[in-house]
Amino acid sequence: MGKAKVVHYINQFFAGIGGEEKADTKPHILNELPPVSAQLDKALGEEVEIVGTVVCGDSYFNENLDEAKVEVLDMIKSFEPDMVIAGPAFNAGRYGMACGAVVKMVQEELGIKAFTAMYDENPGVDVFKKDAYIVRTKDSAAGMRTAIPAVAKFALKLISGEEILSPAEEGYIERGIRVNAPAEERGSMRAVRMLIQKLKGEEFVTEYPMPAFDRVAPNQPIKDVTKAKIAIVTSGGIVPKGNPDRIESSSASKYGKYDISGFADLTEADHETAHGGYDPVYANLDADRVIPVDVLREMEKNGEIGELFQYFYTTVGNGTSVANSKQFAAEIAKDLLDNKVDAVILTST
Amino acid sequence: MVKEIERAGIPVVHMCTVVPISLTVGANRIIPTIAIPHPLGNPALDPSEEKSIRRKLVEKALRALETEVHGQTVFED
Chain A
1 MGKAKVVHYI
11 NQFFAGIGGE
21 EKADTKPHIL
31 NELPPVSAQL
41 DKALGEEVEI
51 VGTVVCGDSY
61 FNENLDEAKV
71 EVLDMIKSFE
81 PDMVIAGPAF
91 NAGRYGMACG
101 AVVKMVQEEL
111 GIKAFTAMYD
121 ENPGVDVFKK
131 DAYIVRTKDS
141 AAGMRTAIPA
151 VAKFALKLIS
161 GEEILSPAEE
171 GYIERGIRVN
181 APAEERGSMR
191 AVRMLIQKLK
201 GEEFVTEYPM
211 PAFDRVAPNQ
221 PIKDVTKAKI
231 AIVTSGGIVP
241 KGNPDRIESS
251 SASKYGKYDI
261 SGFADLTEAD
271 HETAHGGYDP
281 VYANLDADRV
291 IPVDVLREME
301 KNGEIGELFQ
311 YFYTTVGNGT
321 SVANSKQFAA
331 EIAKDLLDNK
341 VDAVILTST
Chain B
1 MVKEIERAGI
11 PVVHMCTVVP
21 ISLTVGANRI
31 IPTIAIPHPL
41 GNPALDPSEE
51 KSIRRKLVEK
61 ALRALETEVH
71 GQTVFED
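If you're matching them up, the sequences are chains A and B in order.
First residue of the first sequence? That's 1 in full-length UniProt numbering, and the numbers climb one at a time after it.
First residue of the second sequence? That's 1 in full-length UniProt numbering, and the numbers climb one at a time after it.
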């Protein structure tokens, strides 16, 4: 058997095409392996070769899911590969969603092996971990140095057909799959030992972690929107021009609360976006494209809503940790309640 | 964020383009929007047309806030 053939799926950034301004790049095959594919190819050694790289812009993929999937699949298929590797996507949300979708599709449609790699909090993990192996990486491309060997090692194992062991042993994210395995001690012994450890306050590892379902039931609808006080919250990073509180363009450590009582329309003279995870051109020209102040103001005037709350709340939802987001929102929610806001429109980019 | 606001007892509608992410984070009332960098606008249109599609989306969001839902609901057209 000759070398095993691998196709690499990456986004526009890792292809060296550009950042957010190129996120609408359509799927295509790169004529030459970009550095990330070349590095991975080298790490894969002599027996496995990356025969081609398929690239697609993150926004294009997520906004045109059905077409993008067909186009990407056809390109991958043209190489007749033995395996597909997507990413690593680190904590880039749209990239992670695309990688997960590509891997799932390749497994189902082509019946070949595929996997991806990303950070635990990437939204692609929750959506695709049941469908695919996702090798755990750090949260940013600064972790590429450790990600490449981890991805290569997993690739060689997966393509060899050897048994894939537990997530902890192989370095992938838990998929919620239970596997029978022989144990040295019988269950009662292990359970009692765990109980004693727990009583003593010692660390122990459960053999059956409960899935963490954190769902909040929907609240009752508002009765009469024409009497309601509506507030705007956004993760799209809209801020007053100049970003007075210096909200970070990614991994935000804070949120802002800004007065919009004087505005009937947001313009490039007064508002912009601080978000570093999408092409800012359109939001900088007209921030109403992210937070619809103009329309809500008009509706307030026409009596279609009771009132547009005096302030809006904003942060940058770009690689921002779940812990930070929860904390921001808990503080925002308290403030909304104190101000007797009836309902919230939350916009995301 | 959307879940924490809901948890506090305030009805919230999530307007976003990547609906699968919204479903994963646990939003209950979801309005699909236009594009990632301009969810509530379309720079390809002239300003009055653009504002009118924004208005339609906001009207849809307000209707969602007035609608009783029993689980995650995506308000398509």
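Every residue gets a Cβ at the ideal spot worked out from N, C-alpha and C, and that includes glycine.
Computed from a predicted model, the values in this text were never measured in an experiment.
For residue i, which of helix, strand or coil comes out of DSSP?
i                      : result
B/R29                  : strand
A/I29                  : strand
A/A283                 : helix
A/G236                 : strand
A/A252                 : coil
A/E174                 : coil
A/L308                 : strand
B/V74                  : strand
A/R246                 : coil
A/T226                 : helix
A/R193                 : helix
A/E268                 : coil
A/R289                 : helix
A/L44                  : coil
residue 359 of chain A : Here chain A covers residues 1 to 349 and nothing more, so residue 359 of chain A does not appear.
A/S325                 : helix
B/P39                  : coil
A/P221                 : coil
B/R7                   : helix
residue 378 of chain A : This structure cannot settle anything about residue 378 of chain A, because the visible part of chain A is limited to 1 through 349.
Enumerate in chain order the residues of its own chain whose CB-to-CB distance from residue i is below 6 Å, with the five nearest sequence positions on each side excluded.
i      : result
A/Y278 : E20, T349
A/E203 : none
B/P32  : V19
A/M194 : F204
A/I17  : T25
A/L296 : L308
A/G143 : T137
To the nearest angstrom, how far is the alpha carbon of residue i from that of residue j?
i      : j      : result
A/E121 : A/S261 : 36 Å
A/S249 : A/R186 : 52 Å
B/L23  : B/D46  : 32 Å
A/D286 : A/L266 : 6 Å
A/E307 : A/E300 : 6 Å
A/V103 : A/M97  : 10 Å
A/E47  : A/L65  : 34 Å
A/I291 : A/K130 : 35 Å
B/A35  : A/L156 : 38 Å
A/K334 : A/V344 : 13 Å
A/G303 : A/T226 : 6 Å
B/E4   : B/T67  : 20 Å
B/V58  : A/D288 : 11 Å
A/E162 : A/L110 : 20 Å
B/G9   : A/Y311 : 19 Å
B/K56  : A/A68  : 27 Å
A/N91  : A/M118 : 6 Å
B/H70  : A/P123 : 24 Å
A/K22  : A/N243 : 24 Å
Identify every residue that forms a DSSP beta bridge with residue i.
i                      : result
A/R136                 : A/M118
A/C56                  : A/N11
A/V257                 : The question names Val, yet the displayed sequence has Lys at residue 257 of chain A. Beta-bridge pairing links A/K257 to A/Y313.
residue 352 of chain A : Look at the range of chain A in this structure, 1 to 349, and you will see that residue 352 of chain A is not part of it.
A/I85                  : A/H8, A/F115
A/L346                 : A/V233, B/H14
A/H275                 : For A/H275, which the question treats as bridged, DSSP gives no partner whatsoever.
Once the 5 residues before and after residue i are set aside, which same chain residues still bring their CB inside 7 Å of it?
i      : result
A/A252 : T315, V316, T320, N324
A/F309 : K229, I230, A231, N339, V341
B/E6   : V12, N28
A/N62  : R94, M97, A98
B/A61  : V13, M15, I31
A/A43  : I148, P149, A152
A/F79  : K5, V7, V51, G52
A/A264 : D294, R297
In chain order, what residues of the same chain have a beta carbon less than 8 Å from the beta carbon of residue i, not counting five sequence neighbours either side?
i      : result
A/A269 : K241
A/G171 : V135, R136, A150, K153, F154
A/T53  : V7, H8, Y9, I10, A15, I29, L30, L33, P34, S37
A/Y255 : I247, Y313, T314, T315, F328, E331, I332
A/K198 : F204
A/R113 : In the sequence as displayed, the identity of residue 113 of chain A is Lys instead of Arg. Around A/K113: D82, M83, V84, Q107, L158, I159.
B/R63  : F75
Compare the C-beta of residue i with all C-beta atoms of chain C and state if any pair is closer than 8 Å.
i     : result
A/N31 : Of the protein chains in the structure, A and B, none is chain C.
Taking 7 Å as the cut-off, does the CB of residue i come closer than this to any heavy atom belonging to the ligand PLP?
i      : result
A/L337 : The ligand PLP is absent from the structure shown, which contains no ligands of any kind.
Pull out every residue of the segment 38 to 58 of chain B whose Cβ sits closer than 9 Å to any Cβ of chain A, in chain order.
-> H38, P39, L40, G41, N42, P43, P47, E50, K51, R54, R55, L57, V58
Under 7 Å (Cβ pairs) to chain B, residues found in the segment 258 to 281 of chain A = Y278, D279
Any residues in the segment 150 to 163 of chain A with a beta carbon nearer than 8 Å to a beta carbon of chain B? Which ones, in chain order?
-> none
Could you please tell me which residues of the segment 214 to 226 of chain A, in chain order, have their CB closer than 9 Å to any CB of chain B?
-> D214, R215, V216, A217, P218, N219, Q220, P221, I222, K223, D224, V225
Chain B contacts made by the segment 322 to 348 of chain A, where a contact means CB separation under 8 Å = S325, K326, F328, A329, A330, I332, A333, K334, L336, L337, V341, D342, A343, V344, I345, L346, T347, S348
Against chain B: residues of the segment 294 to 311 of chain A by CB proximity under 9 Å = D294, V295, L296, E298, M299, E304, I305
Please name the residues in the segment 72 to 86 of chain A whose beta-carbon is closer than 7 Å to at least one beta-carbon of chain B, in chain order.
-> none
Within 7 Å of chain B by C-beta, residues of the segment 30 to 53 of chain A in sequence order = none
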